[in-house]
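In the order they appear, the protein sequences are chains A and B. Numbering-wise, the first sequence is residues 37 to 461 according to my numbering. Numbering-wise, the second sequence is residues 15 to 467 according to my numbering. All residues carry an ideal CB built from backbone N, CA and C; glycine is no exception. All of these numbers come straight from a predicted model, not from anything done at the bench.
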Amino acid sequence: MRFLHLLWKKYTLLCILTLTGLPLTILGWTGRNGLYKDLALTPLTQPGLTLVMEGIHEGIYPWGDLFERGKKEDASQEASTEEGAALIAAEAVSDEAVTAGTASTAGSGTASGAASGTGATTASGAAEGTTAGAAAGASSAEASSAGSTIQYTEAEDSEVKEVKTIPEGAITGDPNTIPEGVCNPVMQAEDYDVVNVAFLSPDDTEYNTDTEGIFAKNGIYFRLQEVDPTYFADALFIGDSRTVGLCEYGSFKENAAFLAKESINVYNVQDKQLWFTDHDGEGWDYTVEDALDYEQYGKIYVALGVNELGIGNSYMFYEKYRELLELIRERQPNALIYIQGIMHVSEEKSSSDSCRNNTVICQRNYAISTLANGRDIFYIDMNPYVCDANGDLIEDLSGDGIHLKASAYERWDRSLLENAAVVGE
Amino acid sequence: MVLFNSLTFLFRFFPVFLIVYFITPARFREVVLFFGSIIFYAMGAGRMAILLTALTIVNYILGQMVFSADKGGAKASNKRAFYLAILIDAGSLILFKVLSGLSRGFMLPLGFSFYLFKMISYQADLFRGEITRRPDIMDTVVYFTMFPQVTQGPIMRWNNVGFEKRERTVTPKAFSDGLFFFVLGLGMKVLLADPLSTLWNEIEKIGFESISTPLAWMGAVGYSLRLYMDFWGYSLMAAGIGLMLGFHFVVNFLHPYWACGIADFYRRWHATLGAWFRDYVYIPLGGNRKGKLRTIFNLLVVWLLTGLWHGITPNFVLWGFVLFLLIIWEKFVVGGLISAFPLLGHLHVWFFIPLTWVIFAIPNLKDLRIYFERLFPFFGSGINVNTGDFMKQIMIYWPLLLVSLLLCTPHWYRLIVKNRTRMPVILILTAVFWICVYRIVISESNPFMYFSF
Numbered sequence: 037m038r039f040l041h042l043l044w045k046k047y048t049l050l051c052i053l054t055l056t057g058l059p060l061t062i063l064g065w066t067g068r069n070g071l072y073k074d075l076a077l078t079p080l081t082q083p084g085l086t087l088v089m090e091g092i093h094e095g096i097y098p099w100g101d102l103f104e105r106g107k108k109e110d111a112s113q114e115a116s117t118e119e120g121a122a123l124i125a126a127e128a129v130s131d132e133a134v135t136a137g138t139a140s141t142a143g144s145g146t147a148s149g150a151a152s153g154t155g156a157t158t159a160s161g162a163a164e165g166t167t168a169g170a171a172a173g174a175s176s177a178e179a180s181s182a183g184s185t186i187q188y189t190e191a192e193d194s195e196v197k198e199v200k201t202i203p204e205g206a207i208t209g210d211p212n213t214i215p216e217g218v219c220n221p222v223m224q225a226e227d228y229d230v231v232n233v234a235f236l237s238p239d240d241t242e243y244n245t246d247t248e249g250i251f252a253k254n255g256i257y258f259r260l261q262e263v264d265p266t267y268f269a270d271a272l273f274i275g276d277s278r279t280v281g282l283c284e285y286g287s288f289k290e291n292a293a294f295l296a297k298e299s300i301n302v303y304n305v306q307d308k309q310l311w312f313t314d315h316d317g318e319g320w321d322y323t324v325e326d327a328l329d330y331e332q333y334g335k336i337y338v339a340l341g342v343n344e345l346g347i348g349n350s351y352m353f354y355e356k357y358r359e360l361l362e363l364i365r366e367r368q369p370n371a372l373i374y375i376q377g378i379m380h381v382s383e384e385k386s387s388s389d390s391c392r393n394n395t396v397i398c399q400r401n402y403a404i405s406t407l408a409n410g411r412d413i414f415y416i417d418m419n420p421y422v423c424d425a426n427g428d429l430i431e432d433l434s435g436d437g438i439h440l441k442a443s444a445y446e447r448w449d450r451s452l453l454e455n456a457a458v459v460g461e
Numbered sequence: 015m016v017l018f019n020s021l022t023f024l025f026r027f028f029p030v031f032l033i034v035y036f037i038t039p040a041r042f043r044e045v046v047l048f049f050g051s052i053i054f055y056a057m058g059a060g061r062m063a064i065l066l067t068a069l070t071i072v073n074y075i076l077g078q079m080v081f082s083a084d085k086g087g088a089k090a091s092n093k094r095a096f097y098l099a100i101l102i103d104a105g106s107l108i109l110f111k112v113l114s115g116l117s118r119g120f121m122l123p124l125g126f127s128f129y130l131f132k133m134i135s136y137q138a139d140l141f142r143g144e145i146t147r148r149p150d151i152m153d154t155v156v157y158f159t160m161f162p163q164v165t166q167g168p169i170m171r172w173n174n175v176g177f178e179k180r181e182r183t184v185t186p187k188a189f190s191d192g193l194f195f196f197v198l199g200l201g202m203k204v205l206l207a208d209p210l211s212t213l214w215n216e217i218e219k220i221g222f223e224s225i226s227t228p229l230a231w232m233g234a235v236g237y238s239l240r241l242y243m244d245f246w247g248y249s250l251m252a253a254g255i256g257l258m259l260g261f262h263f264v265v266n267f268l269h270p271y272w273a274c275g276i277a278d279f280y281r282r283w284h285a286t287l288g289a290w291f292r293d294y295v296y297i298p299l300g301g302n303r304k305g306k307l308r309t310i311f312n313l314l315v316v317w318l319l320t321g322l323w324h325g326i327t328p329n330f331v332l333w334g335f336v337l338f339l340l341i342i343w344e345k346f347v348v349g350g351l352i353s354a355f356p357l358l359g360h361l362h363v364w365f366f367i368p369l370t371w372v373i374f375a376i377p378n379l380k381d382l383r384i385y386f387e388r389l390f391p392f393f394g395s396g397i398n399v400n401t402g403d404f405m406k407q408i409m410i411y412w413p414l415l416l417v418s419l420l421l422c423t424p425h426w427y428r429l430i431v432k433n434r435t436r437m438p439v440i441l442i443l444t445a446v447f448w449i450c451v452y453r454i455v456i457s458e459s460n461p462f463m464y465f466s467f
C-alpha cells in the first residue's frame, strides 16, 4: 500500500497514463473479434487501443457493443456503422476483392431494382459501346461485359482468373492499364434505369453525324455544344473540395449555386452538412436533400470521387454514385444531370500512391460514365483540358498534384462551357 | 516508424526499451542504449544503420588517436588523426549533401547532418584538449548513436551532458520531468504543428500568384509558428527522453520569438546548432577579434554554411545570406538603437523572421519572387485573387495560431513548467496525450488526413 502510494506520488503522470491506457487496451483486445472485427490491427506495431480510437473515428463506440448485443441476429446487416466498417475493411483492396459477400451488403436494395429493368438494354448498350470504340475506350468496354456475370481478366495474360457473380450494372475496368479514351469527353453510354421521358427527342429527329459529341444509342439525344455563362444561371454544382475551388475561383460563382465541402465522398455526401451557396452568393449549411428541395434547377453537376479513391472499389463507388443520382432524379425530375469525370492527379502523385492514382481514377470514371444515358444524364470529362498526353494532370496547373491552382480553374470553366447539352434543339 | 509521434514508438519501442533499460544493472545500461538506438535507427533508415555504425567506430578509433594524454598539447600524430577524422566526417557530409541535391532519388541518410556534427565536435574537442579524460568506447558509441537525438538532434556536446559519468542514476523526479516534457513536446508537434502545416498546403494549393496579401502574411506567420512548434516540440520530446534515461536536459529553444533582435533570435533558436557554428567555425576563424572586415567575413561564412547545412537548394543559400545581411545591419547600423529601445529589436524579429522563413519554405526562386510580390503587392498583382480567402482561413486556423502565439511568450510556458507536478496540469497533459494518440491513430490509418479534398 505504502509502495503504491509512493509510486503514485512520484510518478503521477506515468500512473495516470497507465491507468487510462490499460482499460482502452483491454477494450480493444476484447473487442477485436467482436465490435472491431472489421478493423485491422497489427499487434507488432500497434497497441490494442488503436482499435478503440479507430472505432470512435468510424462511429463505433466502445459502449456500442452493449446496445448491439440485444439484437444480435440482424446486427451485422442493418447498422450503418457496419457498412462503414465494411468499406474500411475493403480499403486499399482493388476490384478483385469483390466477394459475393461485400457485394450483397453494399448493394442491398439498389442493385436489384436496376437489375430487373436493364437486362435487355444493357446488352445492346455494350454492343454499341464497342462500335463507338473510336471515341470510347475499346479495351475497357471489352473488359466489362454487362450482364449477370462479369468475367474478370488479368491484363498480362488475359486469362480468365476468376468468375464471380455480381449484380449486373457492376463495372470493372482493367485494373492494370489506363483504359484508352478516358481523356475523351465523350464516353459510350449504357441505358440507365431512371429516365425522364420528357427528354426524349421527337420521333422524327435526325442526326447526321455519328457518335461524336453525343452520348447516344437510339438516336434521341443531345449534342454537347458550346454555351455562354448564362447557361449556369439555373445550375447547381455538387462536389468535394475541388468544387469548393470552382466556387471560389471559377467564373460561375455569380451565376450558379454550389453545394460543396472538403473531404466529401459518395459514401458520406448524403449524411453531411455541406456548404451551400445560392445564385445570389449567399451561403449556409445544407444537406444534399435540403439543397435539392430548395428550388428546381435546370442542371445539376456532380463532381465526386477523389476522396474515396482509397475506399471500397469501383463497384461500390458506382452503386453509391447511382444512389445519389437516383435521389437527384427523384427530387429534381426536370434537371439535366451531369456526371463530371474525376479529374486526374499529377504524375508525381499518381506514381507514388497505390490507390490514389490515375489508373484507379480511370476505372472509377469508366464506371460512372456508364450511368449516363445521353438523354438527361450526361458524362463529361474535363481531363483533356488539364492533362498532358499521358493523361497526367499538368504539374504547373496544380500546387498539390490534386487540386487546380486558382489560376487554372479557367480551364475547368472552359470545359463546362464547351460541353453543355442544350434542350429543345 | 522512427518518429517519436508514432504508435510503434509510443506503445512498442519506447515502453519495451524503458523496461529493459531499467531492469539492466546501471553499469550495463549503455550497452542497452546502444543496441536500442541501432534498432531504432534501423527501423527508420534500414541499411543506413550500417553507415551509422561504421562512422561511429571509425570516429571512436580516430578519436583515440587524436586524444593526447599530455598536457603539453597535440603531437604530430594527434594532428594527422584529427585531420583525417575531419576529412572523413566533413567529406562524407558534403558528398552526401551534394549527391542528394543532384539526384531526386538519393536521400540523405536519416539524421546524417545531426550525427556528423556531433562527430566533428567530438574530434575537435579531443584535439583542443577540452575532453580531459580518455573517452571510453561505450560512452562514445552511445554519444553518437543515442536514439533520442540521432534523427533530429539536439546536437548535444560531449562536455555539457556529463558523458564521463559512467553510472547514470535516474531519480523519480528526473523521470517524471522527462515524461512531462515528452508529452508537452508531443502535444506541440501533433496538436499544433501538424494541423498548422495544412495552412501552408492550402496556400500552395491555391497557388502563390492567387493569394490575397493578408493571406500571404498569414501564411508566413503560420509557417513560422508551425516550424517552431514542430522543432521545439521535437526537441522537448528528445530532451524529455534524455531526462528519463539519466541525461541532462538539453536546451535547444529558448523562446526565440521573444528575442530582442535577429542575432539574439539565433542564440535561442536551435541553440545547439548555433553554438556549434560559433565554437567550431566562427571562433576558430577569429570571431570578432580580428577587425571589422574579418568579422563580417566570418559571419558570412557561418551563415552561408548554416544555409547549406539546411539544404543545398538555392533558397537555403539565399536564406543564410539574408540572415547574414540582417545580422550585419543589426550589429553595425541599428545596434545602438536596439539596445536603447528593446521594442525595436522585438519588432525586428517579428517582421523579418517570418519573411526569412518564407525564403526557407520555397525552394524555387521564381515561386519565391511571386510570394514576395503577394506579400508586398505594390511590386506586382495577383491572378484570380479571391479577397475572401483570408477570412476563410483565419476562421479555421485562429485557435491554432492563438495557442501557438501564446506559447511563443515565455510566460505561458514557464507557468506550465512551474506547475508541472500539480494535478490540473497533469490532467491536462493526460488529455493532451490521448488526443495526440487519437490523432496519430487516425492519421496512420489514413495518411491523407491532412489532405481531405
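Residue pairing of L295 of chain A in beta bridges, as defined by DSSP: A:I274 and A:F312. For the C-beta of N398 of chain B, the chain A residues within less than 8 Å are, from N- to C-terminus, Y285, A442, S443, Y445 and E446. Under the Cβ distance rule, S190 of chain B counts among the residues neighbouring chain A, one pair being separated by less than 8 Å. Approximately 6 Å separates the beta-carbon atoms of N343 of chain A and S299 of chain A; this is inside 8 Å, confirming the contact. In the displayed model, W283 of chain B falls within coil according to three-state DSSP, outside both helix and strand.
Taken residue by residue, none of the segment 50–79 of chain B has a beta-carbon sitting less than 8 Å from a beta-carbon on chain A. For the pair I378 of chain A and N401 of chain A, the CB atoms are nearer than the 8 Å cut-off. For Y322 of chain A, the nearest beta carbon of chain B is not closer than 8 Å to its own beta carbon. The C-beta separation of I367 of chain B from F311 of chain B comes to about 24 Å, leaving the pair out of contact by the 8 Å criterion. The Cβ of M89 of chain A sits closer than 8 Å to at least one Cβ of chain B. Around the Cβ of T22 of chain B, a 10 Å sphere holds 16 or more other Cβ atoms; the residue is buried.
Collapsing the DSSP output to three states places V30 of chain B in a helix. A straight-line Cα-Cα distance of about 36 Å links N301 of chain A and A59 of chain B. For L50 of chain A, the closest Cβ of chain B is nearer than 8 Å.
For the options B:I225, B:A273, B:L213 and B:F196, the alpha carbon positioned closest to that of A252 of chain B is the one of B:F196. Per the coordinates, the alpha-carbon of V305 of chain A lies some 7 Å from the alpha-carbon of V324 of chain A.
I220, G221, F222, E223, S224 and I225: these are the residues of the segment 220–253 of chain B whose beta carbon lies less than 9 Å from some beta carbon of chain A, given in chain order. Among the CB atoms of chain A, one or more fall inside 8 Å of the CB of N215 of chain B.
For F28 of chain B, the closest Cβ of chain A is not nearer than 8 Å. Assigned with DSSP and collapsed to three states, G334 of chain A falls in coil, not helix or strand.
DSSP places L345 of chain A in the coil class of the three-state scheme, outside both helix and strand. Residues are counted here when their Cβ sits less than 8 Å from a Cβ of chain A; for the segment 194–211 of chain B these are F194 and V197, given in chain order. Closest by C-alpha distance to K297 of chain A, out of A:E284, A:S277, A:L282 and A:G91, is A:S277. At a cut-off of 8 Å between beta carbons, T22 of chain B contacts chain A. Given a length threshold of 3 residues, the segment 101–147 of chain B has no whole run of the beta strand (DSSP E) inside it.
Taking 8 Å as the upper bound on Cβ-Cβ separation, chain A lies near residues L443, T444, F447, W448, V451, Y452, V455 and I456 of the segment 442–456 of chain B.
In the structure shown, A339 of chain A falls within a strand segment according to DSSP collapsed to helix, strand and coil.
Burial state of Q399 of chain A is buried, judged by a 10 Å Cβ sphere holding 16 or more other Cβ atoms. Annotated as distal: V280 of chain A and A456 of chain A, with beta-carbon spacing of 8 Å or more.
Within 10 angstroms of the beta-carbon of S353 of chain B lie fewer than 16 other beta-carbons, which makes it exposed. Across the structure, W448 of chain B and I92 of chain A are spaced so that their CA atoms are roughly 13 Å apart. Interface residue (Cβ-Cβ distance to chain B less than 8 Å): Q82 of chain A is classified as such. Between T86 of chain A and chain B, the shortest Cβ-Cβ separation is below 8 Å. Pairing R367 of chain A with L340 of chain A gives a Cβ-Cβ distance that is not under 8 Å. Between the C-alpha atoms of V88 of chain A and F81 of chain B there is a straight-line separation of about 55 Å.
For I440 of chain B, the chain A residues whose C-beta falls within less than 7 Å of its own C-beta are T48, L49 and I52, listed in chain order.
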